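Per this note's numbering: the sequence shown = residues 303 to 373. For glycine and all other residues, C-beta sits at the position ideal for the given N, C-alpha and C. Note that the structure is a prediction, hence the values are computed from the model and not measured.
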Amino acid sequence: MKQPITGYHKDDEDHWVAQLACGHNQHVRHDPPWINRPWVTTREGRASRLGVELDCRKCDEGAPPDDRPVG
Numbered sequence: 303m304k305q306p307i308t309g310y311h312k313d314d315e316d317h318w319v320a321q322l323a324c325g326h327n328q329h330v331r332h333d334p335p336w337i338n339r340p341w342v343t344t345r346e347g348r349a350s351r352l353g354v355e356l357d358c359r360k361c362d363e364g365a366p367p368d369d370r371p372v373g
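Okay, here's the thing in structure tokens:
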């Protein structure tokens with residue numbers, strides 16, 4: 303199910319995680335050559351992707367919302 307990005311946070315390993323409107327989180331790593339997402343490396347790049355829809359497999363599986371960092 304497609305869900306828009308509403309924000310971002312970093313996980314415990316310092317990787318960027320997109321927060322989706324459905325309440326789920328999804329990693330958005332830039333790890334070339336396997337994953338090429340240079341936009342995730344800058345504040346401007348991440349801001350430019352707010353509202354972009356990602357495929358949320360957790361929604362497809364009926365999973366409960368993920369925990370989100372406070373603050």
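- In the three-state reduction of the DSSP assignment, Gly347 falls in the helix class, which pools H, G and I.
- For the pair His311 and Trp318, the Cα-to-Cα distance works out to about 6 Å.
- In the three-state reduction of the DSSP assignment, Trp341 falls in the helix class, which pools H, G and I.
- Taking each of Val354, Thr343, Thr308 and Ile337 in turn and checking the Cα distance to His326, the smallest one comes out for Thr308.
- The bridge partners DSSP lists for Asp357 are Lys304.
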